[in-house]
Structures are given as structure tokens and as C-alpha cells.
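Residue numbers (full-length UniProt numbering): 1 to 327.
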């Protein structure tokens with residue numbers, strides 16, 4: 001570095017100098033010659049003083065005496081917790097994704113490593129008396145595609161003992177409040193609950209794989225909500241800014257239907273709230289509309305390929321009326 005050149009740029013040095021001048025040149029300062037130093041020397045003095053360096057003992061700006069020096073506060077590190085959430089994840093639906101989201105956010109202030117455990121085909125058939133719709137590899141792929149999942153463990157038994165947590169290096173098991181029971185009557189999570197290593201989250205009401213299979217077998221449309229003209233306007237597709245969403249949140253809707261099969265707006269907001277990027281910053285936007293009914297691995301693979309075509313993917317979802325007009 002050439003002699004006399006400042007170690008810090010003026011945009012940094014000048015505000016720092018102004019903020020500390022009162023201390024260095026005041027009645028209780030360590031000396032009164034700070035203003036006489038050149039830019040490079042000022043930066044060096046500040047660095048030595050703030051860092052507690054005693055390499056330059058000739059300077060009147062020496063570090064604090066040992067008796068007055070305070071040890072640096074310990075670095076604050078967020079606690080890391082490994083959480084295991086197990087499931088069949090057959091015909092993966094909103095209830096599964098909401099459980100994974102809740103598990104990821106179950107311990108505020110901690111870094112949660114979420115391990116999604118997928119039961120084996122054999123374990124599910126033994127427990128439920130019927131085979132799965134999706135094969136094990138398909139169920140694994142569906143779970144891996146979830147944004148809240150950090151690791152996936154497959155071919156797991158139906159019960160979750162403490163030994164399984166230890167084998168996977170997990171601190172705690174997470175499950176919905178509909179804890180399953182073994183055929184003999186015992187709880188499949190009794191052991192981890194007794195060990196204080198079970199965390200319960202709220203089960204998503206109104207949706208389950210059993211219900212989806214029932215709809216398929218009945219070929220009925222009775223489960224579809226009936227909307228008035230006003231509700232259809234409110235439910236119409238639109239792309240709005242974050243500012244518009246904030247203003248809309250304070251507006252009282254025309255009506256408040258109580259459809260138990262649809263997610264609440266508050267839950268939808270939780271899924272949306274941590275969107276990482278803004279559409280306005282995108283250079284190439286890709287739009288991928290679809291039905292996304294009984295979301296499966298082909299959907300996942302299609303969206304992954306679509307995402308590679310640009311730097312922002314907008315996924316459109318057709319409404320029920322549009323789909324049933326075509327089908």
C-alpha cells in the first residue's frame with residue numbers, strides 16, 4: 001500500500017471518526033492528539049483500540065488496562081435441532097405439506113433440520129390392511145421435493161421408538177395430534193412421549209388420503225364447494241403485489257364461507273409468507289398452469305424442468321369450474 005493511503009475508505013472512516021471523536025478528544029479520553037494523525041494512522045489506531053491490540057505500545061492510544069478490559073461476549077449461536085416427522089405420504093396432499101411446514105417451524109429461534117421419514121410399503125400394508133397407491137420410491141421423491149424437508153429417511157417401520165430417533169441422529173419426533181395406535185391398542189409414539197422427545201403439531205382438518213381415495217371411487221362432485229357469484233369474483237385468479245396483499249388483508253370480505261375442505265386464508269398466508277424472491281426482480285418469468293389434482297411425481301418433474309427455463313416460476317392452478325367443464 002502506498003505511504004499515506006488510508007486503510008479505510010472515506011465513506012467508512014469519516015463517520016466512524018466523527019462518532020468516536022468525542023470519546024478520544026474529550027476530558028476522559030486516552031489522549032488528545034487523534035486529530036493530528038493522518039488517515040492511515042487513524043485507521044490503525046482505531047483498529048488497535050477496538051480490537052485490544054497492544055502491538056504498538058509507543059502510541060498514546062493504548063488499549064484498555066487489563067483490569068478494565070472486558071472479555072468479549074460469547075458468540076451467539078442458534079441451537080440446532082434435528083426433528084423427525086414420519087408418515088406414509090401416499091397421495092401427498094395439503095395436510096402432509098402443512099405438517100412438514102409446522103414441523104420445520106416448531107422450534108422458534110432454533111435451526112431445525114427436518115428429517116422426513118417415509119414408512120415402507122410392507123409396514124403400511126400391515127398397519128392399514130391395504131397396499132399404498134404410490135410405490136415407495138414415488139413417495140420418497142414427493143417428500144424430497146418439499147421445500148421444508150432437509151433429509152429423507154425411507155423404509156421406516158410404522159412405530160417410532162427412541163432407538164429410531166437415535167439411529168437417525170434426531171432429537172425429537174414430530175407428529176400431528178391424531179397419534180396412530182398399534183393393533184394391540186398401544187400408542188406408536190408412547191416410548192418417545194415418555195422420554196420427553198415428542199412434539200405435537202395441529203393436524204390439518206378436512207383432508208386425508210382416505211378421503212381422497214373415497215372421492216376417486218365415488219366419482220362424485222358433491223365434495224366441491226358451491227360458490228355464489230360474489231364469491232366467484234373474490235376467488236378469481238389474479239397476480240397482485242405485496243403492497244396490494246397488505247391492503248386487501250384489512251378489507252372485510254363480502255361473505256365468509258365456512259368450507260371445511262379448503263385451507264383457511266391464514267394457513268395459505270403461512271405457506272406464502274417466506275417467498276424468497278420478487279417477481280419484479282425476475283429477468284425471465286416462466287408460467288406453468290395446470291390442474292395439479294392428486295399431485296404426483298410427474299407434476300414434480302414437470303415443474304422442475306419448467307423452473308430451469310427461467311429465473312422465476314409462476315404456477316397457475318385452474319379452478320374447479322374450468323376443470324369440470326373440460327372433463
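Each residue gets a CB set at the ideal place from its N, CA and C atoms; glycine is no exception.
For clarity, every value in this text was computed on a predicted model and none was experimentally measured.
(message) The beta strand (DSSP E) that contains residue 175, what's its start and end?
(response) 172-176
(request) Please report the Cβ distance between residue 165 and residue 116, rounded to the nearest whole angstrom; I am assuming they are in contact, meaning their Cβ atoms lie under 8 Å. (result) Their Cβ separation, rounded to whole angstroms, is 14 Å, which puts residue 165 and residue 116 out of contact at 8 Å.
(request) Check the Cβ-Cβ distances between residue 181 and every residue of chain C, and say whether any is below 7 Å. (result) Any reference to chain C falls outside this structure, which holds one protein chain only.
(message) So for residue 315, helix, strand or coil by DSSP?
(response) strand
(request) Can you say whether residue 109 is buried or exposed, counting buried as having 16 or more other CB atoms within 10 angstroms of its CB? (result) exposed
(message) Check this for me: beta carbons of residue 176 and residue 197, under 7 Å apart or not?
(response) no
(message) Could you give the first and the last residue of the continuous beta strand (DSSP E) run that contains residue 143?
(response) Careful: residue 143 lies outside any beta strand (DSSP E), inside the alpha helix (DSSP H) at 136-144.
(request) Starting from the C-beta of residue 181, find all residues in its chain whose C-beta is less than 6 Å away, skip the five residues before and the five after it, and write them out in chain order. (result) 187
(request) To the nearest angstrom, report how far apart residue 316 and residue 294 are at their CA atoms. (result) 15 Å
(request) Could you tell me whether the Cβ atoms of residue 143 and residue 89 are closer together than 7 Å? (result) yes
(message) Mapping the DSSP letters down to three states, classify residue 97 as helix, strand or coil.
(response) helix
(message) When you compare the CB positions of residue 103 and residue 172, do they come within less than 7 Å of one another, or not?
(response) no
(message) Tell me the DSSP secondary structure of residue 188 in three-state form.
(response) coil
(request) Determine the extent of the alpha helix (DSSP H) in which residue 291 is found, giving its start and end residues. (result) Note, residue 291: premise wrong, no alpha helix (DSSP H); not H, not E.
(message) Starting from residue 150, trace the alpha helix (DSSP H) in both directions and tell me its first and last residue.
(response) It is not in any alpha helix (DSSP H) - residue 150 carries neither H nor E in the DSSP assignment.
(message) So the candidates are 323, 308, 137; which of them puts its Cα closest to the Cα of residue 290?
(response) 323
(request) Just the C-alpha distance for residue 107 and residue 185, rounded to the nearest angstrom, thanks. (result) 31 Å
(request) Could you tell me the boundaries of the alpha helix (DSSP H) in which residue 304 lies? (result) 297-307
(request) Report all residues from its chain with a CB closer than 7 Å to the CB of residue 78; omit the five preceding and five following residues, and keep chain order. (result) 109, 110, 111
(request) Determine the contact status of residue 150 and residue 124, defining contact as a CB-CB distance below 7 Å. (result) no
(message) Using only the alpha-carbon positions, how far apart do residue 141 and residue 194 sit?
(response) 32 Å
(message) Measuring alpha carbon to alpha carbon, tell me which residue in 306, 118, 311, 100 is nearest residue 158.
(response) 118
(request) Would you identify the three-state DSSP class for residue 114, choosing helix, strand or coil? (result) strand
(message) Distance check for residue 155 and residue 138, CA to CA, integer angstroms please.
(response) 12 Å
(message) Suppose contacts are defined by Cβ-Cβ distances below 7 Å. Is residue 286 in contact with residue 309 by that definition?
(response) yes
(message) Only counting the same chain, and skipping five residues up and downstream in sequence, which positions put a Cβ closer than 7 Å to that of residue 292?
(response) 299, 317
(message) Going by DSSP in three states, residue 179 sits in which element: helix, strand or coil?
(response) coil
(request) Confirm the yes/no value for this check: CB of residue 310, any heavy atom of the ligand NAD, distance under 6 Å. (result) The model on display carries no ligand, and the ligand NAD is accordingly not part of it.
(request) With distances taken Cα to Cα, identify the nearest neighbour of residue 147 among 167, 201, 100. (result) 100
(message) At the level of alpha carbons, what is the spacing between residue 282 and residue 307?
(response) 12 Å
(request) Look at the alpha carbon of residue 284 and the alpha carbon of residue 168, and state the distance between them as a whole number of angstroms. (result) 41 Å
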